[in-house]
Every structure is written in structure tokens, then in C-alpha cells.
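Report on the structure given below.
There are 2 protein chains.
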Amino acid sequence: MPKRAAGAILTGLSLDRTQGTPLYRQLYDGLRDAILTQRLMPGERLPSTRTLAEELGVSRRTVVDAFLQLYAEGYLDGRIGAGTYVAQTLPDDFVKTDAVSAPPISESFSSTPPLSRRFLAQRAHTDHVLAQFQTDKEQGRAFLLGTPALDEFPNALWGRIAARIGRGTAAHADSYQHSAGHLPLREAVAAYLGGARGVRCRAEQVLIVAGAQQAISLIAHVLIDPGDSVWMEEPGYFGAKGALLGAGAHLVPVPVDGEGLDSAQGRRLAPNARLAFVTPSHQMPLGVTMSLPRRLALLEWARDANAWIIEDDYDSEYRYASRPLAALQSLDTHERVIYMGTFSKVLFPSLRLGYIVAPPNLVDPLTAARRLMDSHSPLRDQLILTEFMREGHFERHIRRMRALYHERQSILLEAARRELAGILDIAPADGGMHLVGYLPPGTDDRQAALEAKRQGVRAQALSYNYLEAPERSGLVLGYAAASPAEIIAGIRGLATALRRR
Amino acid sequence: MPKRAAGAILTGLSLDRTQGTPLYRQLYDGLRDAILTQRLMPGERLPSTRTLAEELGVSRRTVVDAFLQLYAEGYLDGRIGAGTYVAQTLPDDFVKTDAVSAPPISESFSSTPPLSRRFLAQRAHTDHVLAQFQTDKEQGRAFLLGTPALDEFPNALWGRIAARIGRGTAAHADSYQHSAGHLPLREAVAAYLGGARGVRCRAEQVLIVAGAQQAISLIAHVLIDPGDSVWMEEPGYFGAKGALLGAGAHLVPVPVDGEGLDSAQGRRLAPNARLAFVTPSHQMPLGVTMSLPRRLALLEWARDANAWIIEDDYDSEYRYASRPLAALQSLDTHERVIYMGTFSKVLFPSLRLGYIVAPPNLVDPLTAARRLMDSHSPLRDQLILTEFMREGHFERHIRRMRALYHERQSILLEAARRELAGILDIAPADGGMHLVGYLPPGTDDRQAALEAKRQGVRAQALSYNYLEAPERSGLVLGYAAASPAEIIAGIRGLATALRRR
Numbered sequence: 075m076p077k078r079a080a081g082a083i084l085t086g087l088s089l090d091r092t093q094g095t096p097l098y099r100q101l102y103d104g105l106r107d108a109i110l111t112q113r114l115m116p117g118e119r120l121p122s123t124r125t126l127a128e129e130l131g132v133s134r135r136t137v138v139d140a141f142l143q144l145y146a147e148g149y150l151d152g153r154i155g156a157g158t159y160v161a162q163t164l165p166d167d168f169v170k171t172d173a174v175s176a177p178p179i180s181e182s183f184s185s186t187p188p189l190s191r192r193f194l195a196q197r198a199h200t201d202h203v204l205a206q207f208q209t210d211k212e213q214g215r216a217f218l219l220g221t222p223a224l225d226e227f228p229n230a231l232w233g234r235i236a237a238r239i240g241r242g243t244a245a246h247a248d249s250y251q252h253s254a255g256h257l258p259l260r261e262a263v264a265a266y267l268g269g270a271r272g273v274r275c276r277a278e279q280v281l282i283v284a285g286a287q288q289a290i291s292l293i294a295h296v297l298i299d300p301g302d303s304v305w306m307e308e309p310g311y312f313g314a315k316g317a318l319l320g321a322g323a324h325l326v327p328v329p330v331d332g333e334g335l336d337s338a339q340g341r342r343l344a345p346n347a348r349l350a351f352v353t354p355s356h357q358m359p360l361g362v363t364m365s366l367p368r369r370l371a372l373l374e375w376a377r378d379a380n381a382w383i384i385e386d387d388y389d390s391e392y393r394y395a396s397r398p399l400a401a402l403q404s405l406d407t408h409e410r411v412i413y414m415g416t417f418s419k420v421l422f423p424s425l426r427l428g429y430i431v432a433p434p435n436l437v438d439p440l441t442a443a444r445r446l447m448d449s450h451s452p453l454r455d456q457l458i459l460t461e462f463m464r465e466g467h468f469e470r471h472i473r474r475m476r477a478l479y480h481e482r483q484s485i486l487l488e489a490a491r492r493e494l495a496g497i498l499d500i501a502p503a504d505g506g507m508h509l510v511g512y513l514p515p516g517t518d519d520r521q522a523a524l525e526a527k528r529q530g531v532r533a534q535a536l537s538y539n540y541l542e543a544p545e546r547s548g549l550v551l552g553y554a555a556a557s558p559a560e561i562i563a564g565i566r567g568l569a570t571a572l573r574r575r
Numbered sequence: 075m076p077k078r079a080a081g082a083i084l085t086g087l088s089l090d091r092t093q094g095t096p097l098y099r100q101l102y103d104g105l106r107d108a109i110l111t112q113r114l115m116p117g118e119r120l121p122s123t124r125t126l127a128e129e130l131g132v133s134r135r136t137v138v139d140a141f142l143q144l145y146a147e148g149y150l151d152g153r154i155g156a157g158t159y160v161a162q163t164l165p166d167d168f169v170k171t172d173a174v175s176a177p178p179i180s181e182s183f184s185s186t187p188p189l190s191r192r193f194l195a196q197r198a199h200t201d202h203v204l205a206q207f208q209t210d211k212e213q214g215r216a217f218l219l220g221t222p223a224l225d226e227f228p229n230a231l232w233g234r235i236a237a238r239i240g241r242g243t244a245a246h247a248d249s250y251q252h253s254a255g256h257l258p259l260r261e262a263v264a265a266y267l268g269g270a271r272g273v274r275c276r277a278e279q280v281l282i283v284a285g286a287q288q289a290i291s292l293i294a295h296v297l298i299d300p301g302d303s304v305w306m307e308e309p310g311y312f313g314a315k316g317a318l319l320g321a322g323a324h325l326v327p328v329p330v331d332g333e334g335l336d337s338a339q340g341r342r343l344a345p346n347a348r349l350a351f352v353t354p355s356h357q358m359p360l361g362v363t364m365s366l367p368r369r370l371a372l373l374e375w376a377r378d379a380n381a382w383i384i385e386d387d388y389d390s391e392y393r394y395a396s397r398p399l400a401a402l403q404s405l406d407t408h409e410r411v412i413y414m415g416t417f418s419k420v421l422f423p424s425l426r427l428g429y430i431v432a433p434p435n436l437v438d439p440l441t442a443a444r445r446l447m448d449s450h451s452p453l454r455d456q457l458i459l460t461e462f463m464r465e466g467h468f469e470r471h472i473r474r475m476r477a478l479y480h481e482r483q484s485i486l487l488e489a490a491r492r493e494l495a496g497i498l499d500i501a502p503a504d505g506g507m508h509l510v511g512y513l514p515p516g517t518d519d520r521q522a523a524l525e526a527k528r529q530g531v532r533a534q535a536l537s538y539n540y541l542e543a544p545e546r547s548g549l550v551l552g553y554a555a556a557s558p559a560e561i562i563a564g565i566r567g568l569a570t571a572l573r574r575r
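Chains as they are written, first to last, in the working numbering: chain A, 75 to 575; chain Y, 75 to 575.
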């Protein structure tokens, strides 16, 4: 549907500065009224916030606030900056409501206390991605993102350790624990990271957290004030954006090219940002490895700007071709890098365990903040994992999965060569658990992902990972969770979906 | 040590408004310099922020900001508003530093990026309480707060269910889960709360969270914008204060008397607060039950002010005398009450599971926020707990513990009658896991708690629970975790400690 001229909407809107009601609420009321009375139709595109602000003679902030509230309540879809649409399906409550006999809009609004600004911003930016994640539970495992081969996990072994731990648990182990985590587990993680990733740290710098999502939330909570600028890889990981917005961050998209994030561009866009979020080993989603010159340039900026860097090493365990570059953290001479990783990609996501390696002067603040956020991670799983690492099962499982995922990547590439030539351009990657396939320029990748879904195939639209207008159109495909047969069937389904368009 | 006149400190401080450096940083530099060069001695009391602001001709905010940074870095102890002292033990790094050869202070400050304002505020208010919690791990169980009788927990039974679950777990159960929690567990919680607490809800309104601390953090995150006023019981639960400050809340202390929080006072102090935090069943720490008229008045205010209420029902399972009042939530006709509880007080704290019962229109926002905070609670523990509840072990364990804790309260009271008459005035309570003993007026309860600690007895100073100057002086004593022998020995130790003073 074409973008609507502002004029047609404006006829129904009247803002009154002499009224006690804030302008954004008046605008919210007016737009909601237009939606409920179908002067704005489901799926219809709204004018940009800038256009609407100019036409109404109000600040853009006013328009953004009204839009955020409408997003939060389910009246709008899409994303600010990338097109805003009236929701196709309105919230249940409103579908049932007869717009004529409903109470006056303003009264109905004032009867629901508003939600926080930080939450509305989080939600507006991530709702559409989350919705995609949660609705397709019943679908197959091709091409599920960020999920390991769960049927290959040594469940029986894990269970035996659990039973052993359960029998031996002292009562004091059931009480409140140290918020930084179980010390022997922190020691095991420090030893592993030192050997496998070149991370330089003592066990005291390791914090056990409830996965990568909490790691980012926690770091953002301690470091970011509302309005602080944060460099975000463009395209970049949506979960990180959600967590950073939760702290009130102003996200600055910094372009990623074949060498990773370009800090020269970052310096131009936001020289005084307080934090940069990067995935140097295997960029999420593009898969590139940050080059050494770029790594050094990024560290130099952090020193100059007195800023922090989050290094999210989410799937660095899986490297197939060249020897992996050591972690960015190992090059950092000024204690600017906060390193983090997760056990979700190696063990299983529902375990909810991950880690932060903090510079010494952040250990105590992060621990105190964790205490006030949710106390600590459950102890028993930490005890099981400690044994699992100490007895060598952890590294053995990684080695097995590395070979398995490498093979699965080859199977996917081979099938794609046969079925997708000229339709989806997939290049091999040196590591990780996913690949990006590029669509012909101008293709709408959300539409393509929707077609794939109709064929029973999961594919994430690359454009979901952009803050601004996407430069390229493509599909992000996870291959670790699916069996070879599922991968081959998935590629066939994808071919059908993409040919149909 | 007596309070220091501002004059003596001021001689060393020079603030320059023409400089680019913000005034609070100049003040921070000056005070830090005075501490490092020992013009301000360890343990020395600083002038109040008000006095210092007047003397220096700056805003009180400037002084508070400088103090917060000094707290965060370990230079100051105490609490703003209740006396601020130079820390007895300075942070390691600075003890090692030779103040003369160290780099200029301002340079050294600028080399550490600042922490977020919300975190510094959290920390300043809670550090001293947290420190007390974490340093005495090695001490006995009399009179540990908020901890159940861990050696009475049916560990073997729990382990058997865990083993059964482990064998039967399907691989998909290891993947990412719904952020609101495992649906059968939500159903079991809804059924339990309906029967035991009169809470009116459907399973869809129940969110499984990682304990009470996360429940409050999550709710605050979704509802509170920086600067929003929140009614806090005075005295009240420090963990809730920490979580609310983390969202930038302005805490308004509303007095608690024999009928609980007085919303008439709240209306006077902050009529337009956005949220009230209350513990109506068994006030933390005073132990009173909120009367019915006060409950109705509180609900009426929330309706009038379009505000929310958090009802923290943290230990309502344990009620010994009269029949418990139904939850505040059950009286709420306007969907204003967010009910929450924890499994820490019934099962064991290191499990990290609790629940929120949200009004229908908050379920979806809280779920989305949880997704971005830390995804969801680990699944396997949820599966075990579901079985534990379904098979009736949960209610059976509560009944056993109710009898046990009632007995332990009687033993404590009996021992106190013998040993503490005239020194500590402890009244019985109708429920819960702790009692408050009042000290003679004018006694310094922090000093008393310290003396008790020297006798191997844990006792929390009542004054830790106040935001403003404490009205009464006392000790908060938990009796659920300790055996009868430990309770009797603990009371003897307490008598020795208090007589010594």
C-alpha cells in the first residue's frame, strides 16, 4: 500500500495547546480514534514521524512518543524509521469493542497507567522480531537460528552428574549464593577461555550470568544513562539492541563491511559514544571476522573516547577453516573490553547460563547490580556444569559439534548449489552456526521469509537486523540444529518458496 | 567521631565555574584528594550534603553526585541522609598508591569511564546492607533472615523427580522457552494461589520469574521512568528499594504503623506517585498485617491516582494464629494490583524461582521485557517444580514447615523472656519467619548488631530498613533456618552482646 499523504490523516486530528493533556496524548487519542473508526485501515502506511511533526507543528519527539504508545498497545506494526503501518490484527479487546458505544477515547486511555519510556522504546524496536521467533514453535529445525544440535547433547551423562550432585548437596548450598557465581565454575571458565580464546583473566573477573541476554542487560544497566550513545553494528544482533534500549541507550548504527565494524565511521557518527557492541570473531549476522587493523583501531577509539567495548563471542567455539583470531579482549591493554559468551550455543539454551569477563574495576559494580537484578543464577546447574567442564566433557562435546556443524554447513552449501543457483547467493563461512544468503537487489526479504514459512522453512529476513534502511536483502539460515535430511528438505522448500514469488 | 564542620574541609576545595570540568567532578576530585592525602581521615564524618552545598554555593544535586561517585568507588561509607563517613578501608588499588607519586587526580578520574547514574543511586542505598549480608557466610544460622529450614527440605524426593524428568526430557525442551514460563507450572501456581491466598487469576496471568528480586526489577523496568515517585513502606524491604532505584524511581517513604502503610500520609507526601510497594500480609520488617480499611484506602488511591500497587506476599504461607486475610489482589476491582511471591521461602533460595500475577493488560509487556532482560527461567527446574506441586509435595511441605516455624518462634520467645527481659523487647507475631526486637530508645542498633556478630549471632539492625531517620531502634531476627538448640544459644549470645554495651 503506498505511503499515505499526511493531509488525509490530519483532517481528523486536532491538537490543542491550551488543554492540560500533553500533546503526545492528544495525538495518540486522535490516531487511535482514526484506527478504531477505520479512517486509518489495517495495513495502511502512516506518514513518517518527521512529516507528521512538520505538518502538525509539533516536535518529532511528540510524534515518536505517540507512536511508541500505539506500538505498545498493538495498534501499529513495523518500526520507526523503516515504515509504520496500522496493525493487521488489532488487539483482541479492541476487536470486540464497538467503536461507537465505547467510552470516549481519552477516558479509556487515562484509565491505563502508561508504561515506561524505556520499555516502549525496547518494544517498538524488537516486537516484530520477537513475534517471528515465538510463533513458529511447531515448525521444523531447518533453519533455526542460534540453536545447537540438541539431540546430540549427552543428556544421560548430564543426568548422571545431576544425580550425583543432588545426593551430595549440603544444605548450605541451597541458601543464597554469591552473585558473581560459583567460584569453581568461574575458575573452570577462566581456564577454558585462557586456553581456547586467549582471554587473559583471573577467575575473579569471571561472572556467571543467566545467558548472553542478561550479560548485555546487566552491562548496559551499569554503564549506560538514558540518552548515551552506543555504537551498534549495522546490521547487528537484535537481542543486544533490545537490551541496550532497555537502559535508555541511543543506538548509533555503525556500518559493517568485509573487515567488520568500521570505527572510522563510528568516530564520524558518534565520537563520544560511551560503549560499542561488537561480535569480532563471527559477526552477527553477516559472519565476517573483524580484521586485526580494525580491532586495533576500535581499541584505540575506546581509549581516546574513554569508552567501553562489549565483545560478544557468542559462537566462537565453532571455527572450521583458519585458526581463530584471539579474542579482542586479549589485545586490550587499557581494560576497556568486557568479554562475554554463552553456554546456550554449546550446551542447551534452556539452561540459561553464560559468562562475562569484566575488567577488574567493573567486577564489583556488575556483581552488585546482579544482586539487585535477580540475586544470582540457580546453584545446582552451576554445580553440574562445573563437573561437566572439570571432567573434560565440555571440550569433548565442542570438538564433536565442531565437526558435525562443519559437515552440516557443507551439506547446506551443496544443496543450495543444486537448488538455489541464481535465486539465493550463499557463500561459505569460516565458522559459526549460520550462513547468510543474499537475494537479488530490490527483493523484499520479509516477504521471502513469509513465503518460506508457508513451506515450513524458517528463515530470518536480513533486514530485521538493520536499524536504518537495509543495504542488502537476504535470509539468515541456521544449520546447526537440523539433521542432514532436514537441511536438504529445507533447501528444497526454500527453492519452492523463492521461485513462487 | 563528631561531625566535622564544613569549614575545615572547604579550605582544601576550590571549584571553578569557568572550567570545562563539571562542578561535581571538581568536587569529587577535591574530596578524593583530601581522602588520599589524609586531610580527611578514615572513619571521619562528612558534613551533610545540604551544609556542603550551602557553603560551596552549589546545588545539592552537585554534592550528591560527587558523593555517589565516591561511594561507588569505595571512598565513602554510610548512606546519604543518615551520615556519610570516609571509608575505614580504602579500595585496594588506592591503598597501594603512593598519593604523592600518583598521577594527578583529575587525569586518573578521567581514565575510568563513569558508571550509570541509576546504578550509583542503587549502590549508595544498598551497599552497606549487602555488605552485611555477604560477609558473614561462615556464621551460624541464628538469626538468618529470609531463609527457610534447609535441612528439612525433602532433597531425596526432589532428586528423584529430577532424575525422572531428566530421563524423559525431549530435545525440544532444551531449546529457548516461552518467557512467561512453563505453562503447566503457571497453571499449578494459579490453582495454588486461588486456594491458599484467594488470588483471582487465570494461568495466563502468572509469570514465572527468577525470584522476588527479579519480579520487582522487571515490574519497575516496565512501569517506572527516571524520577517517577514510588511509595515505599517506611521502614521497608531493602531489596525492593534497590530494584526500584535501578529503574530511576524517586522513593517516597510512607510511614507504617500498627495497621500497615497509611495511604492518607502517602496522599499527602506524593499524591501522584506511579506505584506503591507494600507487604500487606506480613509487613517487612515490622511484621504487622495491613487492616482492611487501609487495604481499601490504598486501592482507592491507586484508582484515583491511576497508579499501580505491588503486593509482595513473600512469606504469607506461614500464618500461625488467626486465619490469614485474603490477598490485597482479591479486593482489587480495577486491575491495579500486581501480586508477587517467591519459592525461596518455601523450597530453597538457590532455586531462584518466583512468580508474578499480573493484571491482564500487563501480562504481555512484562513477558516482552523478560524476554529482553534474560529470556526465561531455566526449564528443568520448572519441570521438577511442576511435578512437586502436582503430586501434593508442595502443600505438604508448607504444612510441615508451618508447624515447625511456629514452634521455633515459641522457642525464641521463651528463651528471650528468660534472657533478654529489659534489654530487647520482642513481641510475638501471627506469622512469618522473623521477629523484631526493640532496643531501648536512643540505642544505636548498628552497634548492637556488630556486638552480636562478635558473639557469632546474626541480627539485622532495624535502622537499615529506613530511608529517613529511623523512628525506633531494634534488631530483626529470623528464626526459621535455625534449630531449637541454635535458637537458644543465639539468644544467650545476644544477651551477652547487649549486656556488654
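Cβ atoms here follow ideal geometry from the backbone N, Cα and C, with glycine treated the same way.
Residue nearest to isoleucine 565/A within the set His252/A, Pro433/A, Arg260/A and Ala533/A is Ala533/A (criterion: CA-CA distance). For serine 449/A, the nearest beta carbon of chain Y is closer than 8 Å to its own beta carbon. Per DSSP, the unbroken alpha helix (DSSP H) holding threonine 441/A starts and ends at 434 to 448. For a Cβ distance threshold of 8 Å, nothing in chain A lies close to phenylalanine 351/Y: the least Cβ distance comes to about 14 Å. If you look at aspartate 331/Y, you'll find it in the beta strand (DSSP E) that goes 324 to 331.
Following the DSSP letters along the chain, one finds phenylalanine 422/A in no alpha helix (DSSP H), marked with neither H nor E.
Residue contact check for glycine 240/Y against chain A: a CB pair falls below 8 Å. Within the stretch 272 to 301 of chain A, the residues whose Cβ lies closer than 7 Å to some Cβ of chain Y are Ala284, Gly285, Gln287, Gln288, Ser291, His295, Val296, Leu297, Ile298, Asp299 and Pro300, listed in chain order. Apart from sequence neighbours up to five positions away, the residues of its chain that approach histidine 450/Y with a beta-carbon distance below 6 Å are Gln251 and Ser253, ordered along the chain. DSSP places valine 352/A in the strand class (E or B) of the three-state scheme. The beta carbon of tyrosine 413/Y does not come within 8 Å of any beta carbon belonging to chain A, so the residue lies off that interface. Bridge pairing for tyrosine 413/Y: Glu385/Y and Val431/Y [DSSP].
Excluding residues up to 5 positions away in sequence, Ile383, Glu385, Leu402 and Gln403 lie with their Cβ nearer than 6 Å to the Cβ of valine 411/A in the same chain. Among the bridge pairs identified by DSSP, tryptophan 232/A is matched with none.
Under the three-state reduction of DSSP, valine 137/Y is assigned to helix. As the crow flies, the alpha-carbon of tryptophan 232/Y is around 38 Å from that of arginine 369/Y. Taken through DSSP and simplified to helix, strand or coil, serine 390/Y comes out as coil. By the rule that beta-carbons nearer than 8 Å mark a contact, leucine 114/Y does not touch chain A.
Sixteen is the threshold: since fewer than 16 other Cβ atoms of the shown chains lie within 10 Å of the Cβ of leucine 366/Y, the residue is exposed. With its beta carbon at least 8 Å from every one in chain Y, glutamine 403/A lies outside the interface. In the structure shown, phenylalanine 217/Y falls within a strand segment according to DSSP collapsed to helix, strand and coil. Around the CB of glutamine 483/Y, 16 or more other CB atoms lie within 10 Å, so the residue is classed as buried. Arginine 119/Y and leucine 325/Y have their alpha carbons spaced roughly 25 Å apart.
Non-local beta-carbon contacts of methionine 364/Y in its own chain, meaning distances under 6 Å to residues more than five positions away in sequence, involve Gly334 and Pro354 in chain order. With a 10 Å radius around the Cβ and a threshold of 16 neighbouring Cβ atoms, glutamate 461/A comes out buried.
Arginine 474/Y does not reach chain A, its nearest Cβ partner there being about 16 Å away, counting only Cβ pairs nearer than 8 Å. DSSP places histidine 508/Y within a strand segment (E or B) once states are collapsed to three. Under the DSSP assignment, methionine 475/A falls in the alpha helix (DSSP H) whose first and last residues are 467 to 493. Here DSSP, grouped into helix, strand and coil, assigns glutamate 374/Y to helix.
Considering only beta carbons, no part of the stretch 475 to 489 of chain Y lies closer than 8 Å to chain A. Under the 8 Å criterion on CB atoms, serine 190/Y is classed as interfacial with respect to chain A. With respect to chain A, the C-beta atom of glycine 233/Y has a partner C-beta closer than 8 Å.
Per DSSP, valine 273/Y is not a residue of any beta strand (DSSP E), being assigned neither H nor E.
Comparing alpha-carbon positions, the option among Ala395/Y, Leu281/Y, Val283/Y and Leu572/Y lying closest to tyrosine 479/Y turns out to be Ala395/Y.
Contact of serine 424/Y with chain A is assigned, a C-beta pair being separated by under 8 Å. Linking arginine 234/Y to leucine 218/Y through their CA atoms gives a straight-line distance of about 29 Å.
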